[in-house]
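Engineer: One structure follows; several queries about it will come next.
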Amino acid sequence: MLTRLKISGFKNLVDVDIRFGPFNCITGVNGSGKSNLFDAIKFLSALSDRTLIDAAISVCGEGEKTFDIRSIFHCAGGNYNSEMSFEAEVIIPEEGIDDLGQKVKASITFLRYIVTIAYRADNSLPSLGSLELVREELDRINLQDASKHLKFPHKAGVWRKSVIKGRRTLPFIKTENSGKQKGSSIIKLIQDGIKGRTKTFQAASLPRTVLSAVTAENPTVFLARHEMQSWRVLRLEPSSLWRPDKFATPPGLGADGSHLSATLYYLSRLRGSSNKASDNKAALIYDQIALRLSKLSEDVYKVRVEHDEKRELLTLEVVDHDGTVHRANSVSSGILRFLAMIALKLDTRAGGLICLEEPENSIYPDRIPEVLKLLRDIATNPKRPVGPDNPLRQIIINTHSPIILNQVFADNLLFAELKELERAGLKFKRACFSCLPDTWRKKAFPESDTVSKDRLFSYLKSIFPAEEQALDINPKSKHKKSESTDDRPDLQMRLPSFSDV
């Protein structure tokens, strides 16, 4: 779980400092930095798994033959920043499984990761240049300090106690400068334990972060790496969602929603094999999916994945109340996207952070509250202990939908806009992510940028003038009984038909 992220020098993100809770909603005009924030999270995740260059390609030119690697650095007046830096405060699982299937355990679960990367001109690669690791740190945030860092509403004695564990007196990764000369930094990897061995690396010669290369010999760093690898930025594409999968396809949604059939089939087999003895209904995973999907479309009767032995294909199908079978390629985009979100909810193996672009896309407006309710259900409940029925998962969405904004607690809302900044005599616009007054971010951290309710209404009126009267964003969200739509009779509208979703 990502609880705080500081970014400077990445695209239009300069001196950005955002604190996150379990569920977060970001709105704002196009070009304000919402997608760049997701790209920054994707880049951090890639740094835990790939080389520096490959991580950069993943956010600025994947699939392209040529690109300028400087495009991920902040640029003002034609001048590019020479460095970009990231600082993330992260809660990791206490236990996990290594690459050999063995259990590993972290010595502490609340960590701060810092990485600074510089651009270096490379004459052998004139169109690319190269990237250099300047600084890398992984340090503990001690148990007694957790309350100073975690200010979103939660039950300290229940939820926080279940996720913040362990102790540590030394950092896990640290950077030391061996001299004043550029490129002389030394990065040290310190093993778990009081007498852990230390490995030393010359920073300038590293093609990847130290974090990305660790094994289970360093269990806490390994689990931090695994946590960051699990972060996903989803941009669901209908053409990927309906595509059949081979039998051998590993389960798990791709960034574009691919492998939905394989994932649903895996979940049905997993639930069936593990729950037959205790609860026969739990084995009927497809019925659970159909029940939830029927809240989006009343025409849905069954959902299933056809297991074609001859072609070795898994194909998603939806059956209506007349018994007509609709293959996934003939099902509406809205239903496919909702099915992907249901898969995320049911796949409790998959923890970590999920970023989702505009979840309202292709969804009938009257049913958008159901989408939001499902997304809230995916995120960890901070009033209950983390466990199999309440996995440590986090959601960040960005949206333009006034319906979503009308349903979201003010505590969970951030407004993205461009603000002018002057530095070294140069003026430029940077992304700013502001909270509403009287919300937990502002109360706990008075220096947080804020957006007035009037300013937010003005923005919404400019893009959806007809919706102005329907908006009721309440800054004092703590006085609301529930964020669920179940207790809002005005939102329990007639379900649209199957073909309209």
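Numbering follows our numbering, with no gaps: position 111 of the sequence shown is 111.
Glycine included, C-beta positions come from ideal geometry on N, C-alpha and C.
#1: So, Glu136 versus Thr109, is the Cβ gap smaller than 7 Å?
#2: Does DSSP put Met84 in a helix, a strand or coil?
#3: Do Ser462 and Thr450 have their beta-carbon atoms positioned less than 7 Å apart in this structure?
#4: What's the call for Val325, buried or exposed, on a 16-neighbour Cβ count within 10 Å?
#5: Tell me whether Glu312 is buried or exposed, calling it buried when 16 or more other Cβ atoms sit within 10 Å of its Cβ.
#6: Could you give the distance in angstroms between the alpha-carbon of Ser185 and the alpha-carbon of His226?
#7: Taking all protein chains shown into account, decide if Glu422 is buried (16 or more other Cβ within 10 angstroms of its Cβ) or exposed.
#8: Measure from the alpha carbon of Val386 to the alpha carbon of each residue in Gly193, Asn12, Val163, Lys34, then state which is nearest.
#9: Under 8 Å, with one C-beta from each stretch per pair, do the stretch 44 to 62 and the stretch 411 to 428 reach the 3-pair mark?
#10: Just list the residues that DSSP pairs Leu47 with in beta bridges.
#11: Provide the residue span of the alpha helix (DSSP H) that contains Lys373, from first to last.
#12: CB-CB under 6 Å to Ser258, same chain, minus the five flanking residues each way: which ones, in chain order?
#13: Quick test of your reading: Leu377 and Lys345, contact by CB under 8 Å. State the CB separation rounded to the nearest angstrom.
#14: Is the stretch 114 to 124 in contact with the stretch 149 to 169, if contact means three or more CB pairs nearer than 8 Å?
#15: Pull the bridge partners of His326 from the DSSP assignment, please.
#16: By how many angstroms is the C-alpha of Ala56 removed from the C-alpha of Pro207?
#17: Could you tell me whether the Cβ atoms of Leu356 and Ala224 are closer together than 7 Å?
#18: Mapping the DSSP letters down to three states, classify Tyr119 as helix, strand or coil.
#19: Just tell me which of Leu2, Leu353, Phe73 has its CA closest to the CA of Tyr113.
#20: Looking at the unbroken alpha helix (DSSP H) that takes in Arg393, where does it start and where does it end?
#21: In whole angstroms, what is the alpha-carbon distance linking Ala328 and Glu317?
#22: Pull up the distance between the alpha-carbon of Thr209 and that of Tyr80, whole angstroms please.
#23: Below 8 Å on the Cβ atoms is my contact criterion, and I expect Ile91 with Ala106 to pass it. Report the Cβ-Cβ distance as a whole number of Å.
#24: Is Ala350 near Gly33, with beta carbons less than 7 Å apart?
#25: Is it the case that the stretch 70 to 79 contacts the stretch 9 to 26, given that we only count it when at least three CB pairs across the two stretches are under 8 Å?
#26: Taking C-alpha atoms, which residue in Leu413, Asp54, Ala216, Met341 lies nearest to Asp99?
#27: Can you tell me the Cβ-Cβ gap for Tyr266 and Pro251, rounded? I've got them flagged as a contact below 8 Å.
#28: Which of the three DSSP states is assigned to Ser273 in this structure?
#29: List the residues that DSSP assigns as beta-bridge partners of Tyr113.
#30: Could you please give me the residues that DSSP links to Ser130 through a beta bridge?
Structural biologist: Short version:
#1: For the purposes of this step, residue 136 is identified with residue 136 of the sequence shown, where counting begins at 1. For the purposes of this step, residue 109 is identified with residue 109 of the sequence shown, where counting begins at 1. Contact flag unset, no.
#2: If you number the sequence shown from 1, residue 84 lands on position 84. In the structure shown, Met84 sits in a strand (DSSP, three-state: E or B).
#3: For the purposes of this step, residue 450 is taken as the residue at position 450 of the sequence shown. For the purposes of this step, residue 462 is taken as the residue at position 462 of the sequence shown. Taking 7 Å as the Cβ cut-off, Thr450 and Ser462 do not qualify as a contacting pair.
#4: Counted from its first residue, the sequence shown places residue 325 at position 325. With fewer than 16 Cβ atoms within 10 Å of its Cβ, Val325 is classed as exposed.
#5: Your numbering for residue 312 matches position 312 in the sequence shown. Classification of Glu312: exposed, given that the 10 Å Cβ count is below 16.
#6: The residue you call residue 185 lines up with position 185 of the sequence shown. The residue you call residue 226 lines up with position 226 of the sequence shown. Distance between the alpha carbons of Ser185 and His226 is about 26 Å.
#7: Residue 422 sits at position 422 when you count from the first residue of the sequence shown. Its Cβ having fewer than 16 others within 10 Å, Glu422 is exposed.
#8: On the sequence shown, position 386 is the one that residue 386 refers to. Closest in alpha carbon position to Val386, among Gly193, Asn12, Val163, Lys34, is Val163.
#9: Three or more beta-carbon pairs separated by less than 8 Å are not found between the stretch 44 to 62 and the stretch 411 to 428, which leaves the two stretches without contact.
#10: Against the sequence shown, residue 47 aligns to sequence position 47. Leu47 pairs with nothing; no bridge assigned.
#11: Within the sequence shown, the letter at position 373 stands for residue 373. 368 to 378 is the span of the alpha helix (DSSP H), which, as asked, contains Lys373.
#12: As a working note, residue 258 is residue 258 in the sequence shown. Excluding sequence neighbours, Ser258 sits near Ser240.
#13: Numbered from its first residue, the sequence shown carries residue 377 at position 377. Numbered from its first residue, the sequence shown carries residue 345 at position 345. The displayed chain sequence assigns Asp, not Leu, to residue 377. Contact check for Asp377 and Lys345: beta-carbon distance about 6 Å, within the 8 Å limit, so the pair qualifies.
#14: Short answer: they don't touch.
#15: Residue numbering aside, residue 326 sits at position 326 when the sequence shown is read from its first letter. Per DSSP, Val318.
#16: Locating residue 207 in the sequence shown gives position 207, where the first residue counts as 1. Locating residue 56 in the sequence shown gives position 56, where the first residue counts as 1. Roughly 12 Å separates the two Cα atoms.
#17: Residue mapping note: residue 356 aligns to position 356 of the sequence shown, counting from 1. Residue mapping note: residue 224 aligns to position 224 of the sequence shown, counting from 1. No, the Cβ-Cβ distance between Leu356 and Ala224 is not below 7 Å.
#18: Locating residue 119 in the sequence shown gives position 119, counting from the first residue. If DSSP states are grouped into helix, strand and coil, Tyr119 belongs with the strands.
#19: Residue numbering aside, residue 113 sits at position 113 when the sequence shown is read from its first letter. Ranked by Cα distance from Tyr113, the first of Leu2, Leu353, Phe73 is Leu2.
#20: The sequence position of residue 393 within the sequence shown is 393, counting from 1. Arg393: not part of any alpha helix (DSSP H); member of the beta strand (DSSP E) spanning 393 to 399, first to last residue.
#21: Taking the first residue of the sequence shown as 1, we reach residue 328 at position 328. Taking the first residue of the sequence shown as 1, we reach residue 317 at position 317. When rounded, the distance between both Cα atoms is 5 Å.
#22: What you label residue 209 is simply residue 209 of the sequence shown in a count that begins at 1. What you label residue 80 is simply residue 80 of the sequence shown in a count that begins at 1. So the alpha carbons of these two residues sit roughly 23 Å apart.
#23: By one-based count along the sequence shown, residue 91 stands at place 91. By one-based count along the sequence shown, residue 106 stands at place 106. No, Ile91 and Ala106 are not in contact; Cβ-Cβ is about 10 Å, not under 8 Å.
#24: By 1-based counting over the sequence shown, the position of residue 350 is 350. By 1-based counting over the sequence shown, the position of residue 33 is 33. Here Ala350 is not near Gly33, since their CB atoms are 7 Å or more apart.
#25: Yes, the stretch 9 to 26 touches the stretch 70 to 79.
#26: Within the sequence shown, the letter at position 99 stands for residue 99. The alpha carbon of Asp99 has as its nearest neighbour, out of Leu413, Asp54, Ala216, Met341, the alpha carbon of Ala216.
#27: If you number the sequence shown from 1, residue 266 lands on position 266. If you number the sequence shown from 1, residue 251 lands on position 251. Contact check for Tyr266 and Pro251: beta-carbon distance about 3 Å, within the 8 Å limit, so the pair qualifies.
#28: Residue numbering aside, residue 273 sits at position 273 when the sequence shown is read from its first letter. Model confidence at Ser273 stands at a pLDDT of 48, short of 50, so the residue's coordinates are unreliable and nothing is read from them.
#29: Residue 113 sits at position 113 when you count from the first residue of the sequence shown. Among the bridge pairs identified by DSSP, Tyr113 is matched with Ala88, Leu138.
#30: Position 130 of the sequence shown holds residue 130. Beta-bridge analysis with DSSP links Ser130 to Arg120.
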